[in-house]
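Heads up, the thing below is written out as structure tokens.
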Amino acid sequence: MENAIKVEHLSKEYPGFALRDLSFLVPRGSIVGLIGENGAGKTTTLHAILGLIRPEQGRIELLGRPYDPKNPAHRRRIGVVFDECGFPPHLTCAAVGRMMGLVYRELWDAGAFAEYCRRFALPQNKEIRDLSRGMKMKLSIAAALSHRPELLILDEPTGGLDPIVREEILDLFSEFIQDERNSILFSTHITTDLEKIADQIVFLHGGQLVFSQSKDDLIYRHAVARCTSAQFAGIAGGEYLRRRSLPGGGQELLIADRDAFARRHPQVVLDRAGIDEIMLFYVKGEEK
């Protein structure tokens, strides 16, 4: 399968933090969510992919070749949106469209930008400083999409937005990958958004990769087993991934294969494991 992003053995060190030996893929035509607690290394990873920082080690390919941020032809194939609007606050939406037309020239689709603005109800003559956070994010996404990129890289694009605005943006992301060539990598703390649209989840913890896995495998095959002390005594360590002790001596277990566990232990209660709960098991839970 062709990949939009290929990260191999990426390492970057700062005082008090290190991103170590990180490898993962973003297949063409997919949406990949990058998750982890604050300080896990998500933004460092995105900055390294975009050439904004220089890693000590590793290789990064975007759209089939090493990414060169100084190469306009390569840079124009990528749309980038950070969690804060990067346009000068005194500009209007209309002025942003004119400015981006000068930057991208023949690649800029003024008609597409106008349509995104209409769809998002962006006021054309209102200064960016007077827009809500949701409107600023919509403007950033409209601008990123209107030079027809093949890859979107986004840092917390739905953070702090109300559910209606988030739903609009997620619908747009789903449309963007419908041709099965365009791809998205985005970091977020809102894992329910990923449960709606992501194909794959990359989970970082403490600067290291915990897993890169299909979202469907995560939420449909994983489960949380809630068992008494007596039930736990009959469960082998290889049957669960992580555990958490409950008041009174019981245990909660993160299970990787719900059906297989249920066949072996039909008396144990199994609940669905969402992405948030899976993260909590790895961050706060105990190993076998």
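Here the sequence shown stands for residues 614 to 901, where the numbers follow my numbering.
Yeah, the Cβ is synthetic: ideal placement off N, Cα and C, and Gly gets one too.
Alpha carbon to alpha carbon, how far is Val620 from Val716? Give it in angstroms, no decimals. 28 Å
Could you tell me whether the stretch 849-862 touches the stretch 657-672, where touching means 3 or more Cβ pairs closer than 8 Å? no
Gly710: first and last residue of the uninterrupted alpha helix (DSSP H) it sits in: Residues 706-717.
Have a look at Phe630, Leu676, Lys625 and flag the residue whose alpha-carbon is nearest the alpha-carbon of His660. Of the listed residues, the one whose Cα sits closest to His660 is Lys625.
Let me make sure I understand the geometry here. Which of Gly772, His818, Arg731 has the alpha-carbon closest to that of Leu632? His818
How far does the beta strand (DSSP E) with Gln737 in it extend, from its first residue to its last? Here Gln737 belongs to no beta strand (DSSP E), and DSSP marks it neither H nor E.
Where do the ends of the alpha helix (DSSP H) carrying Gly747 lie? That run of the alpha helix (DSSP H) goes 746-758.
Quick check: what's the CA-CA separation for Ser842 versus Val882? Each residue's Cα considered, the two are about 13 Å apart.
Contacts around Gly772, its chain only, beta-carbon distance under 8 Å, and the 5 residues preceding and following it disregarded: Asp696, Thr801, His802, Ile803
Exposed or buried, what is Ala734 when buried is set at 16 or more other beta-carbons lying within 10 Å of its beta-carbon? exposed
Kindly give me the distance between the Cβ atoms of Ser783 and Asp806, rounded to whole angstroms, as I take these residues to be in contact under 8 Å. It should be pointed out that residue 783 corresponds to Leu in this sequence rather than to Ser. Right, their Cβ atoms sit about 6 Å apart.
Residues bridged to Arg857 (per DSSP): Glu865
Return yes when the Cβ of Gly747 is within less than 8 Å of the Cβ of Asp775, no when it is not. With a cutoff of 8 Å on beta-carbon distance, Asp775 and Gly747 are scored as near each other.
Compare the Cα-Cα distances from Val823 to each of Val694, Asp743, Tyr895, Cys706 and report the closest residue. Considering only Val694, Asp743, Tyr895, Cys706, the residue with the shortest C-alpha distance to Val823 is Tyr895.
Under 8 Å between C-beta atoms of Leu704 and Ile673: no
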